[in-house]
Each structure stands twice: as structure tokens, then as C-alpha cells.
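Peer 1:
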Amino acid sequence: MINLLNQSKEALINLLWNSDTKIKSLLLNSKKLADARNNLFDYLNNLERHYFNIFSDKKFNKIHIVERNNAKECIRVLKNVIRTENEKLTNYSALNKLYKIANKKQNALDSVSEGFLLEFISLFNGINGKSGITESTFILEGSDDDIAKKRNVKLDKYASYIHKKMSKFKSGLDIEIDKKRLNSKQRILKYFNANENDWNDYQWHLKKIVKDSKTLSDLVFLSNTEKEALEISTKCKIPFQITPYYLSLFDYTGKNNFDKAVRAMVIPSKKYCVNVYKNKLQNTDMDFMGEKSTSPIEGITRRYPHIVILKPFNSCPQICVYCQRNWEIKNIDNTIFSKNIIVNAIKWIKENKNISEVLVTGGDPLTLNNKNIGFVINELAKISHIERIRIGTRVLVTLPMRINDEFIEILKNNNVPGKRELCIITHFEHFSEINKEVIEAVSKIRKAGISIYNQQVFTYYNSFRYETSYLRKMLKLIGIDPYYTFNTKGKDETIDFRVPIARIEQERKEEARFLPGIVRTDEPVFNLPKLGKSHLRAWQDHEPIMVIGTGERVYRFFPWESKVTLVEDYLYKDLPIYNYLKRIQADGENPDDYKSIWYYF
Numbered sequence: 210m211i212n213l214l215n216q217s218k219e220a221l222i223n224l225l226w227n228s229d230t231k232i233k234s235l236l237l238n239s240k241k242l243a244d245a246r247n248n249l250f251d252y253l254n255n256l257e258r259h260y261f262n263i264f265s266d267k268k269f270n271k272i273h274i275v276e277r278n279n280a281k282e283c284i285r286v287l288k289n290v291i292r293t294e295n296e297k298l299t300n301y302s303a304l305n306k307l308y309k310i311a312n313k314k315q316n317a318l319d320s321v322s323e324g325f326l327l328e329f330i331s332l333f334n335g336i337n338g339k340s341g342i343t344e345s346t347f348i349l350e351g352s353d354d355d356i357a358k359k360r361n362v363k364l365d366k367y368a369s370y371i372h373k374k375m376s377k378f379k380s381g382l383d384i385e386i387d388k389k390r391l392n393s394k395q396r397i398l399k400y401f402n403a404n405e406n407d408w409n410d411y412q413w414h415l416k417k418i419v420k421d422s423k424t425l426s427d428l429v430f431l432s433n434t435e436k437e438a439l440e441i442s443t444k445c446k447i448p449f450q451i452t453p454y455y456l457s458l459f460d461y462t463g464k465n466n467f468d469k470a471v472r473a474m475v476i477p478s479k480k481y482c483v484n485v486y487k488n489k490l491q492n493t494d495m496d497f498m499g500e501k502s503t504s505p506i507e508g509i510t511r512r513y514p515h516i517v518i519l520k521p522f523n524s525c526p527q528i529c530v531y532c533q534r535n536w537e538i539k540n541i542d543n544t545i546f547s548k549n550i551i552v553n554a555i556k557w558i559k560e561n562k563n564i565s566e567v568l569v570t571g572g573d574p575l576t577l578n579n580k581n582i583g584f585v586i587n588e589l590a591k592i593s594h595i596e597r598i599r600i601g602t603r604v605l606v607t608l609p610m611r612i613n614d615e616f617i618e619i620l621k622n623n624n625v626p627g628k629r630e631l632c633i634i635t636h637f638e639h640f641s642e643i644n645k646e647v648i649e650a651v652s653k654i655r656k657a658g659i660s661i662y663n664q665q666v667f668t669y670y671n672s673f674r675y676e677t678s679y680l681r682k683m684l685k686l687i688g689i690d691p692y693y694t695f696n697t698k699g700k701d702e703t704i705d706f707r708v709p710i711a712r713i714e715q716e717r718k719e720e721a722r723f724l725p726g727i728v729r730t731d732e733p734v735f736n737l738p739k740l741g742k743s744h745l746r747a748w749q750d751h752e753p754i755m756v757i758g759t760g761e762r763v764y765r766f767f768p769w770e771s772k773v774t775l776v777e778d779y780l781y782k783d784l785p786i787y788n789y790l791k792r793i794q795a796d797g798e799n800p801d802d803y804k805s806i807w808y809y810f
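Quick note on my numbering: the sequence shown kicks off at 210 and runs consecutively.
1) Taking just the CA atoms, how far does K446 sit from K479?
2) Are the CB atoms of I654 and I648 nearer to each other than 7 Å?
3) Closest to K718 by CA distance: which of L745, G699, E437 and A317 is it?
4) Considering only the alpha carbon of each residue, which of R729, R599, E630 and G571 lies closest to P526?
5) Can you tell me the Cα-Cα spacing of V429 and I528, whole angstroms?
6) Considering only residues of the same chain and omitting the five flanking positions on each side of F378, which have a CB-CB separation below 8 Å?
7) Using DSSP with H/G/I as helix, E/B as strand and the rest coil, what is C632?
8) On the three-state DSSP scale, how would you describe D690?
9) Assess contact between the stretch 724–733 and the stretch 690–710, defined as three or more Cβ pairs (one per stretch) separated by less than 8 Å. Is contact present?
10) Run through the DSSP bridge pairs and tell me what Q715 is partnered with.
11) Return helix, strand or coil for T299, following the three-state DSSP convention.
12) Run through DSSP, which three-state label would T570 get?
13) Quick one: what does DSSP say V625 is sitting in, helix, strand or coil?
14) Please name the residue or residues paired with N696 in a DSSP beta bridge.
15) If we require 4 or more residues per run, which alpha helix (DSSP H) segments fall completely within the stretch 543–600?
16) Suppose you measure from the CA of K297 to the CA of V756; what does that come to, to the nearest Å?
17) Measuring CB atoms only, is the stretch 517–526 touching the stretch 543–554, in the sense that at least three cross pairs come out at less than 8 Å?
18) Among residues of its own chain, excluding the 5 on either side of N643, which ones have a beta-carbon nearer than 6 Å to its beta-carbon?
19) I need the DSSP call for G813, collapsed to helix, strand or coil.
20) Jot down the residue ranges of each uninterrupted alpha helix (DSSP H) in the stretch 330–386, minimum 4 residues, whole runs only, in chain order.
21) In angstroms, rounded to a whole number, what distance separates the CA positions of F673 and E777?
22) For N587 and L631, what's the separation of their Cα atoms in angstroms?
23) Is it buried or exposed for T434, if we count other Cβ within 10 angstroms and need 16 for buried?
24) For K782, which three-state DSSP category applies?
25) Among L332, F261 and D251, which one has its Cα closest to the Cα of L225?
26) Take the Cβ of T343 as the centre, count every other Cβ of all protein chains shown within 10 Å, and call the residue buried at 16 or more, exposed below.
27) Using the beta-carbon count (16 or more within 10 Å), is A280 buried or exposed?
28) Looking at the structure shown, is L680 part of a helix, part of a strand, or coil, going by DSSP?
29) Any heavy atom of the ligand MG closer than 6 Å to the CB of N262?
30) Mark R258 as exposed unless 16 or more other C-beta atoms lie within 10 angstroms of its C-beta, in which case mark it buried.
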């Protein structure tokens, strides 16, 4: 894989045609594009029949069923890519590009990227049963005792390999990291002329939120790249907010492998700032999820039959760069709790008996004081048909001291087993966010009989091999259940965070699947604008329909309700796998460890 990533386009073309000489031949011998399409369909249909025909003279039955099954999926994808319907939908013809390249038309090669060519090299190898997904074969033969011993050895190899991979990771519970963060905390307290009592008071943190580059650079060392991005964010009036607590998770001596994820989440990048500013200048609607189209009344979002979102506050203790609601999240100083809006929204919920569950989110509703959040929860609890109240908050990560005794009493008073459940939906992104303060806050909530669930956004900064699996493991150990893993929203401004869909599918199959079932309870999903979640493990919910010249796959998604009603599909242009692999290579990862990524669709 490393060699492939560093090849020229000319070298990749040779590899492409060597992967399937028959395809090159039929493209060369077809007088026009329509003929090439028909000939390629005939070739693929014939190939597919022979793979699963026990009387075939092609001897494909000697190829392992795992490889043949992969070939079947590759054939399906390639058929999708050459369909005229999909060319019309995407306004692009990959077949036309391949046809021109095969016939050496002028500038044909210039119009496609290395990523485009690698997609088709992988597909051509795949349809011929030569994916090379794995070199190992495990055959269960012999007596039961022999099989059991062989299987045990194999499982030990899996376990020891995973343990080796995870052993390089360090959470905030690591002794050395804990010491460094204690030093960071003391530096922050000294800077603000504060003490331990201040630190334990969440309202002190809210008053001292870091919102300017001067304060930030006084407290932690910033790279030139970070400084440049912050200068642009100031000029473009793009807010950033970091709590003193979360700032203590930074290594104040400078960015390193143990704090790069937490830095990336709250320090806006140059690309982010430029794209957000461009959107503002062009009056581009940044409501990627189309929430305005799913809001029956101010303060409410509804995408599903039984549950609604209630948004009492449009800011957070700190602003996450990749947030799907970055278009409506405001600076904390410019946000107020509008009781009238919330009263009207709760009245709407009360009058609709089809609603049985409410997710209170925002912004972060626990930015509110106990009086205001208590009012919201108490009023919802009075509605007889509400069975569950979820509180969507990231304060466990950004401000764990917010979980004080008064708030715990609000939870306990409204959680009535058999009648109404209260639960916390939180948002840990990286194992480096887990530390003693977090455990203390989680323990308070769990002792009150309240469950906690985690919704992770799968971003570049937690996408390396086994990072997300290690996060799951640590979350479960401290009392938090993994719930959803979200594919990063496909917004231009968050390009630094985006990961190909194939990588989240690969993570689920090759990493999460090796964990105990009680640890891997999260489901990987793609959140469709206006429509809601689509499960990424389900072929029937999405399919790749095109590869465009940049190497981007185009997916067609079918909404969650597509089996019960006719509803429009959604087209999504994904991040090129090639770009992702080049980036992780530059960051020290071995792309060969990810080589099967091309075969996740």
C-alpha cells in the first residue's frame, strides 16, 4: 500500500490495466462508449455467474469463499458505477474517463487523481478474487481437541496483537499525564489568581472561559499553525471557547501525540475559519442537517415518531470545532435562556401524546444553572405521556465539576423506575479526556441510579487503528455505555475532521468486533440531513454509486423509513480514501495496516 500511495499516475495506469487485461481490451475494442458499457456489463455478469456456479470451467471454486464474496461486492459496486442512471444523478461518468484513458485521449489522465485510479485498481483486483485482504487462512480440521487448541492459539494471537496496539495509548489516568495536568491546573489557577475552591466551582469556570488567543497563548504553548488559525478566527469573528478545566488537559509545553486530539477539538483550524468566513460572505446556509426543516415550533427538532429534541440554550461551556450545530451555536456571552420559548415548546410536547421521549440538548443545557435546567426537567416530568428524558451534555468532558449535589437531586427526583427514566447522553471523543475528575462525576450520576450513554463522532483525530476501541474499553470501565458512533458531517468547514465512510466500517469490522459484546454496544451511523440516522453496517441502507475524478465516492443513502414509505434518497460525496491514507502516512501511521479499507462499501 505504501508503494501504491507513492506511485505516479502513469505507473498506476499500468497497474490498473494489469489488474484486469480483459477490461482494457474491451474498452479498446469498443467503438463507442455505449458499446463499452454493454460489453463491460456482459463481462461482469458472466464473471459473477462463474464465481458461484459449481459447474463452471473457470475454476473459481478454488478461490476461498471470503475472497469470492468480496468479488461479488466489488462486481456490484462496479456495476453501480457504470450505470447511466448513476451518471445522471452524479453528473459524472467514471466509465467515460476510463474509456478515454484506455484509448489515450488527450488530457484524459490529467482529469483524474491518483485516488480515482487506486479505487479502480482495487475494484479490478477485487472482481478477480485478488484483493489480498488477508494472507492468513484458518482451517478447522482434525479432532475436536485439535480444533479447540488451534482455535485457542489463534484467539490468543488476536488478543495479544490488540493488547500490543492499545498499550501505546494513555488516558488521563496515566500517572505521568496526571502529573503534567496537575501542573497545568496550578499554572491556570495562578494565572487567574484563583484557588482550589474556585476550581471546584463550575460557575467560576464559566466566568473564566478562554475566548481570546492572548489568554490562550499565555497559558499554553501554541504552534505557529495554531497561532495563525486563531488570528484568522479573530479577524473573521469566529468564536472559540475553552473551559479552564479542559485547558488543563493540554500539554502546556506544546502539542504532542497525547494532547493533539483535545487541541484539535477546540482550536479552530485555518481551513475551518476560511470556509466558515466564506460561507458567511456568500450567505451560505450552514444548517447541514436541515434542522430548520424539521422544527415544527421554535426550540423543537423532530425527525422520528416518538422522540423530539428540545433546545433550551444555544451555547456551551466550550465550542467544539466539528459541531453539527456550529451554524447556530453562539458565544456564551451573547446567549440567554428564553423561558417563553421553552414554555411554548413544552406546551407543544404536552399537547402531542405521540411524543414519549425528549432529548434536552442545545447547545449544552447544563450550561444553565440548576434553577433553569431544573425548571425544564421538572416541567417535562409533569407530562404524563413522557416516558424518558435524555439530557444531552458534554459537561462530563468539558466541566465535570458541573455535576454537583443539587443537580444530582434534580435527576433523582425525576427518575421514577417503571414510570419515567432520566438518562445522560454525553460525548467523549478520545480516551485522553478520561481522568479522575470524570470518574468522580460519573460515579455521582451512577449512584443516583442514572444511566450514561456515549455518542462519539468518528473524526480523523480518533480514527487511527484501535483508538476508538480503546475509548470504548475505558468508557465501559468508568460506567458509560457506548451508544452511537457518528460519521463526521460532510461539511466543507470541517474537512480536517472528516474520515471516509469506509474507515468507520473497517473499524467496526476489524477492531470493534474483537471486543466483548458488552463493550461494543455502539452502532455506527450516518446522520442524513432532514431525515435522521442511517445504519452504516446495512447494505440495504446505502450504496456507492460513483467514483469521481478526485477519488471521492458518491453514496446513495436510503432513509430509515424507506421500507415503510416512499421517501427521497440522499446523495453524499465522501472524502477520498487516498487522501486519508496519505494524511495518516504523513502523521506516522503505516497505510499497510489499513489496506483492506478499499473493500468497505
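Glycine included, C-beta positions come from ideal geometry on N, C-alpha and C.
Peer 2: Taking the coordinates as given:
1) Against the sequence shown, residue 479 aligns to sequence position 270. Against the sequence shown, residue 446 aligns to sequence position 237. If you take the alpha carbons of K479 and K446, they lie about 13 Å apart.
2) Position 445 of the sequence shown, counted from the first residue, corresponds to residue 654. Position 439 of the sequence shown, counted from the first residue, corresponds to residue 648. Going by C-beta atoms, I654 is not nearer than 7 Å to I648.
3) Here residue 718 refers to the residue found at position 509 of the sequence shown. Residue L745 holds the alpha-carbon nearest to the alpha-carbon of K718 among L745, G699, E437 and A317.
4) The sequence position of residue 526 within the sequence shown is 317, counting from 1. Of the candidates R729, R599, E630 and G571, the one whose C-alpha sits nearest the C-alpha of P526 is G571.
5) If you number the sequence shown from 1, residue 429 lands on position 220. If you number the sequence shown from 1, residue 528 lands on position 319. Rounded to whole angstroms, V429 to I528 spans 18 Å at the Cα level.
6) Position 169 of the sequence shown, counting from 1, holds the residue named residue 378. Correct list, in chain order: F640, Y675, E676 and Y679.
7) One-based indexing of the sequence shown puts residue 632 at position 423. Residue state, collapsed to three classes: strand.
8) Residue 690 sits at position 481 when you count from the first residue of the sequence shown. D690 sits in a strand when the DSSP states are folded into three classes.
9) With the cut-off at 8 Å, the stretch 724–733 and the stretch 690–710 touch.
10) Numbered from 1 along the sequence shown, position 506 holds the residue referred to as residue 715. Q715 is not bridged to any residue.
11) Numbered from 1 along the sequence shown, position 90 holds the residue referred to as residue 299. Helix.
12) Stepping through the sequence shown from its first residue, residue 570 is reached at position 361. Of the three classes helix, strand and coil, the one that applies to T570 here is strand, per DSSP.
13) Indexing the sequence shown from 1 puts residue 625 at position 416. Strand at V625.
14) For the purposes of this step, residue 696 is taken as residue 487 along the sequence shown, with counting starting at 1. Looking at the DSSP output, N696 sits in a beta bridge with F667.
15) As far as the stretch 543–600 is concerned, its whole alpha helix (DSSP H) runs of at least 4 residues are 548–560 and 579–590.
16) Looking up residue 297 in the sequence shown gives position 88. Looking up residue 756 in the sequence shown gives position 547. In this structure, the straight-line span from the alpha carbon of K297 to that of V756 is close to 13 Å.
17) Enough Cβ pairs lie closer than 8 Å, so yes.
18) Translated into the one-based positions of the sequence shown, residue 643 becomes position 434. Correcting the residue identity first, residue 643 is Ile in this sequence and not Asn. Taken in chain order, the residues that qualify are S380, G381 and M683.
19) Residue 813 lies beyond the stretch modelled for the chain, which goes from 210 to 810, so this question has no answer here.
20) Runs of the alpha helix (DSSP H) inside the stretch 330–386: 353–375.
21) Position 464 of the sequence shown, counted from the first residue, corresponds to residue 673. Position 568 of the sequence shown, counted from the first residue, corresponds to residue 777. Each residue's Cα considered, the two are about 34 Å apart.
22) Here residue 587 refers to the residue found at position 378 of the sequence shown. Here residue 631 refers to the residue found at position 422 of the sequence shown. Near 11 Å, if we compare the C-alpha coordinates of L631 and N587.
23) Your numbering for residue 434 matches position 225 in the sequence shown. Answer is exposed; the Cβ neighbour count stays below 16.
24) By one-based count along the sequence shown, residue 782 stands at place 573. K782 sits in a strand when the DSSP states are folded into three classes.
25) Start at 1 with the first residue of the sequence shown, and residue 225 comes out as number 16. Residue nearest to L225 within the set L332, F261 and D251 is L332 (criterion: CA-CA distance).
26) Taking the first residue of the sequence shown as position 1, residue 343 is located at position 134. T343 is exposed by the Cβ-count criterion.
27) Walking along the sequence shown from the start, residue 280 turns up at place 71. With 16 or more neighbouring CB atoms inside 10 Å of its own CB, A280 falls in the buried class.
28) To locate residue 680, count along the sequence shown from 1; it is residue 471. Looking at L680 - three-state DSSP - the assignment turns out to be helix.
29) This structure does not include the ligand MG; it has no bound ligands of any sort.
30) In the sequence shown, residue 258 corresponds to position 49, counting from 1. Under this definition R258 is an exposed residue.
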